[in-house]
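Everything below concerns the one structure shown next.
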Amino acid sequence: MAECGASGSGSSGDSLDKSITLPPDEIFRNLENAKRFAIDIGGSLTKLAYYSTVQHKVARVRSFDHSDKDTEQDHEPPYEISVQEEVTARLHFVKFENTYIEACLDFIKDHLVNTETKVIQATGGGAYKFKDLIEEKLQLKVDKEDVMTCLIKGCNFVLKNIPHEAFMYQKGSNPEFRFQTNHPSVFPYLLVSIGSGVSIVKVGPGSWETTGLCSALLSTGCMSEPCQAQVETEDRFEWIGGSSIGGGTFWGLGALLTKTKKFDELLHLASRGQHTNVDMLVQDIYGGAHQTLGLSGNLIASSFGKSATADTEFSKEDMAKSLLHMISNDIGQLACLYARLHCLDRVYFGGFFIRGHPVTMRTITYSINFFSKGEVQALFLRHEGYLGAIGAFLKGAEQDNPNQYSWEENYAGSSGLMSSSPELCPTQRPRSGTFDLLEMDRLERPLVNLPLLLDPSSYVPDTVDLTDDALARKYWLTCFEEALDGVVKRAVASQPGSVDAAERAEKFRQKYWNKLQTLRQQPFAYGTLTVRSLLDTREHCLNEFNFPDPYSKVKQKDNGVALKCFQRVIHSLDALGWEERQLALVKGLLAGNVFDWGAKAVSDVLESDPQFGFEEAKRKLQERPWLVDSYSKWLQRLKGPPHKCALIFADNSGVDVILGVFPFVRELLSRGTEVILACNSGPALNDVTYSESLIVAERIAAMDPVVRSALGEGRLLLMQTGSSSPCLDLSRLDKGLAVLVRERGADLVVIEGMGRAVHTNYHAALRCESLKLAVIKNSWLAERLGGRLFSVIFKYEVPAE
Amino acid sequence: MGAGRLGAPMERHWGVSASSVREPAPGGPDGRRREPLRRRANSASASAVGASASAEGVRRDRPGSYSGATSASRQRVESLRKKRPLFPWFGLDIGGTLVKLVYFEPKDITAEEEEEEVESLKSIRKYLTSNVAYGSTGIRDVHLELKDLTLCGRKGNLHFIRFPTHDMPAFIQMGRDKNFSSLHTVFCATGGGAYKFEQDFLTIGDLQLCKLDELDCLIKGILYIDSVGFNGRSQCYYFENPADSEKCQKLPFDLRNPYPLLLVNIGSGVSILAVYSKDNYKRVTGTSLGGGTFFGLCCLLTGCTTFEEALEMASRGDSTKVDKLVRDIYGGDYERFGLPGWAVASSFGNMMSKEKREAVSKEDLARATLITITNNIGSIARMCALNENINQVVFVGNFLRINTIAMRLLAYALDYWSKGQLKALFSEHEGWCDRMYGRDINMSATLIRFFRVILELLEHSLSY
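So the sequences go chain by chain: A and B.
Just so you know, the first sequence maps onto residues 67 to 867 in the working numbering.
Just so you know, the second sequence maps onto residues 243 to 706 in the working numbering.
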């Protein structure tokens, strides 16, 4: 990680440090394409936001012209791959200490190429103070935005777009951070912003329906499908109260009492103090607990109650601690009173008083729990420090309508959990100076919930929470570390013509290795740690170093080989009796699923034995009864009326999709069931992508009349999931897919593969019938589930009436 | 067992001679000495317990309770059944900081009684009534003395004595040395110390405390006093135009229909009670930011040593130098949120700046502390009133004693932020004080509780 000057964070005063040299690769990335700026200048930290475009290499697949079919040779691949440049949009957020502001502005001026930008949106208390400096340095007009409006826009943005944004903090429990999954009915909520004072606002639709009328049950605006009007109402807020006792009180009064000038130092003092020396406790008055009132003896009866004496000297630490308790308790109490008055049970906290400091999160959480008796949840935000900058940016970008898109946190370019001084949080890894980064990628299409989820608000995609499960965490981190060499090798091999592939691959290795080490130290750095997040982080890092699709060639070859076997497989299936065929189809699906380059046990076999094929895979499979086996129930169901429409999430390229999924699809089509085949929008491992699936379907249609007519008549539809992950989050799916699912009245969901049906969605409850099938290609996981390598999961579920 | 002997241990334990403690105080209108300055944060009455908060829903209606009675104490209780309580009549309110002792001095002692009166009783009476200071820390508030009071058929004077809670062990030791237990009296006690020192009273002094629940005492005391109505006047008042020092005036409030009532008792900490009837009330919440916080912070920030001194400093200070106001941030009102420019945006917010820290006086800091604590209590009380759907809020407690700034601020803040929906009421005993001394003293929760203690004592005697 780059160093940012020698001055360090210990330097005091408001003097600006000009001597630093900024590491542009790390800090202000993509500045040359930056076109829209916003800045949020707080009391000590500056947050800069800009919109930029990123050029990526992407692997595109294109069908050959088959006008001359006869020339098709055996060795010829089924389609061609070309690497193209693609431009995607990205939001960059950089957080740094105010002392660096001038150096940063200089840096931006020197690197800013785009001259269309005329205005910079500014918010925060420091916006006024630095207005002239910004205007002079950047030659941009400073447009001041309302602090609270920005805060709320930013808050809504992160709550909508970052799945594990909000968390509860529980000191001493394991894990200390408990992330909330995105709640579709987040509105209205209470936001308590603790700056120098405290503002309490109610956000979202219904926020104008004032005070205390609980009867007015507020519509649960489905946040997953924002239309513009809805976004506007979501950004509405009402200031319902506040308090003058806030961060400024802690800082100001703390400075008077302890002669300590810096906020962070005060917190540090507080973290070492004993408040019981300064506060009068219940037991100091009662000699113990107050039984009739149910007040325990160690509760504070009177803050600073013991300091009413001239005889005693009090330590700075003790006074700071007492002050922290006094203020946190007071804020927590008021927050609970307001929450109760407005019938809300979730309170989000933000502002510089919180800023990820464990000590303040702890005291606030304690206070909320105490005063609400556990009925109100205190929630904090991973990107709390960025809310103002995000909001200001969104305000300035309104004409581009950024809320119509879905965004995704880029794990490769983001620093993870918010910054706090390392002293206060010793587990925090050393970071790039005092710079902290967040990058958000704009997704091509908006993402929404799968309409078939039984209860979107309780849906959790991931099966195992690795922040919770230390044993599993250790295993998977090691597993990903061990697989890294292979991934690097594969990445280099995928770009034989590139001169710098080895160098980039090495950078990728370093980056991903560092992420894994961070996650070992701080499992909660990017939200809940899961196998999915580990996989996604790897994909993001690969992309970052321009390895968009390391498996493109492998997939191409596998698809070619499998296509050649298709007709033979179909013939042998068609020769079977009905009941035999059903089992053969399912076995085919499962055998196809063995072909997973993401699983080390399989990739080792595939690397060493190129002849390993469909039949070999079938032999690997566990015999019935399977580890999870509801096949009989499924067979029984098939004897009944056909499903109206099946939604199938496919997994791997090659044998899996062509010899496993398509025959199964073909059977469903023959039964009169419509089929929506959903594949990833972007590449991940050897998973079949949407564009690949189009070509594969086209080639199969050329061979098979059933598929051909179904495609022609719109009974077989190929759709993209909106995802580029080997796993599947049913709460973030392509909107087009969701619309189609609703239109066609899908009544069966088939989820295939370990990533989509075991690591995720194993427990997902749907409103319709579902089939989750996978082959366990990892012996550790198999053992955990009570089976062995190549155990079979066949889970057919029918929702309760 | 003469007076001297009773006095001696007190001297020994409580320190040097009385006169050295007392400081000249500005004389009251009646020329009497006012309260001595050496007074701590006043009754840290345990009922005003702070952060502790929310024993919500715990409705209590228990009067004083005897617990763990020994055979000796049972005898005493038995004896109560037969006749009116034996002298001496004591009541104790043991707070976190101060112990308040009330003593009824019978003035109608017959010769026969005088004859029968044991020596120790006589010496106690003489000791207590002939001194105004006891040891180095015990003080009798002469100006509070109630003369010619008829209690339970006896005429006499009621004396108010206080000493710091940390001298409680010495007091108990004295009780043991003087063999108080032989007097067959009942010590009615309230406040947190009634719990804290109960065991010590029993094991060291062989004295059984009759513990009275302080919140119970407080509420019944207030209601009793209001129902009695001294000189036919209302005991509740409110402020008209509290923000305007010219036009501000106190007006009586008829608390004929007192329920529901939000009672905010501000001692060292703050307890907030919702009162629905004499016997039906609950503690809604509390805050640890109370009188003790004001005084404690003032001691640290200004080096003051008494509550009176802290208040006096506050009266001369300017809090706007210390606090960051809305207008300091927005240049005026913040219309978007409907916040007036004069509202405090951040208490002590200006003190984040070194220059401003250097520019403030101790008086400014004392004032800011007072404003911060008072506003916060007002804010919490307002939210509780809204949540409980109660619109009359009575503020009592020692924090408000001689603290007009705080009372007027509470009155104004409640009125302003509730848009006139809530009324801040204060309890006073002007009539009573008038009669006695012609002075205006806010009836403190402690005094109210004294009444209750006495009443309890009498109730016990009468019912038996």
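Every residue, glycine too, gets a C-beta built ideally from N, C-alpha and C.
Taking a cut-off of 8 Å on C-beta distances, the segment 187-194 of chain A touches the segment 105-115 of chain A, as three or more cross pairs fall below it. Residues 766 of the same chain have their beta carbon placed closer than 6 Å to that of residue 728 of chain A, with the five preceding and five following residues left out of the count. When DSSP reads this structure, residue 483 of chain B sits in no beta bridge, so it has no partner. Three or more Cβ pairs drawn from the segment 589-597 of chain A and the segment 234-243 of chain A lie within less than 8 Å of each other, which places the two stretches in contact.
With a beta-carbon spacing of about 4 Å, residue 382 of chain A and residue 324 of chain A fall inside the 8 Å limit used to define contacts.
Contact between residue 521 of chain A and residue 529 of chain B fails: their C-beta atoms lie close to 39 Å from each other, not under 8 Å.
Counting only Cβ-Cβ distances below 9 Å, residue 618 of chain B has contacts in chain A at 309, 310, 311, 396 and 400, in chain order. Here the segment 307-314 of chain A does not lie against the segment 358-366 of chain A, with fewer than 3 beta-carbon pairs under 8 Å apart.
Selection B:452, B:553, B:498 and B:453 evaluated against residue 533 of chain B yields B:553 as nearest (Cα-Cα). The DSSP-derived three-state label of residue 558 of chain A is helix. Look at residue 478 of chain B here: in three-state DSSP terms it is strand. DSSP places residue 628 of chain A in the uninterrupted alpha helix (DSSP H) bounded by 618-640. Closest in C-alpha terms to residue 338 of chain A, from the list A:424, A:793, A:208 and A:513, comes A:424.
If one requires a minimum length of 3 residues, the beta strand (DSSP E) runs lying completely within the segment 305-389 of chain A are 366-368, in chain order. Inclusion of residue 590 of chain B and residue 318 of chain A in the CB contact set at 8 Å is warranted, their separation being smaller than that value. Fully contained in the segment 398-434 of chain B are the following alpha helix (DSSP H) runs of length 4 or more, in chain order: 410-419. Under DSSP, residue 606 of chain A forms no beta bridge with any residue.
For the set A:212, A:732, A:781 and A:178, the Cα lying nearest the Cα of residue 461 of chain A is the one of A:212. Boundaries cannot be given for residue 854 of chain A, as no beta strand (DSSP E) includes it and DSSP labels it neither H nor E. According to DSSP, residue 525 of chain B shares a beta bridge with B:515. For residue 345 of chain B, the uninterrupted beta strand (DSSP E) segment begins and ends at 340-348. Rounded to whole angstroms, residue 651 of chain B and residue 564 of chain B show a C-alpha spacing of 17 Å.
The three-state reading of DSSP puts residue 507 of chain B in strand, counting E and B together. When 7 Å is used as the limit between beta carbons, residue 593 of chain B is near these residues of chain A: 318, 319, 321 and 322, in chain order.
As summarised for the segment 105-171 of chain A, the continuous beta strand (DSSP E) elements at least 3 residues long and confined to that stretch are 111-129 and 145-163, given in chain order. Here the segment 702-709 of chain A makes contact with the segment 730-741 of chain A; the two share three or more CB pairs at distances below 8 Å. A residue is called buried once 16 or more other Cβ atoms fall within 10 Å of its Cβ, and residue 494 of chain B, having fewer, is exposed. With its beta carbon less than 8 Å from one in chain A, residue 589 of chain B belongs to the interface.
Selection A:377, A:751, A:302 and A:198 evaluated against residue 719 of chain A yields A:751 as nearest (Cα-Cα). Take the alpha-carbon of residue 487 of chain B and the one of residue 608 of chain B: they are about 20 Å apart. Residue 96 of chain A carries a coil assignment under DSSP once its states are collapsed to helix, strand and coil. Closer than 7 Å at the C-beta level to chain A, one finds these residues of the segment 498-519 of chain B: 510 and 511. For residue 440 of chain A, the closest Cβ of chain B is not nearer than 8 Å. In the DSSP assignment, residue 333 of chain B falls within the unbroken beta strand (DSSP E) covering 331-336.
Between the segment 659-668 of chain A and the segment 841-856 of chain A there are three or more inter-stretch CB-CB distances shorter than 8 Å, so the stretches are counted as touching. When C-alpha distances from residue 681 of chain A are compared across A:772, A:674 and A:650, the shortest belongs to A:650.
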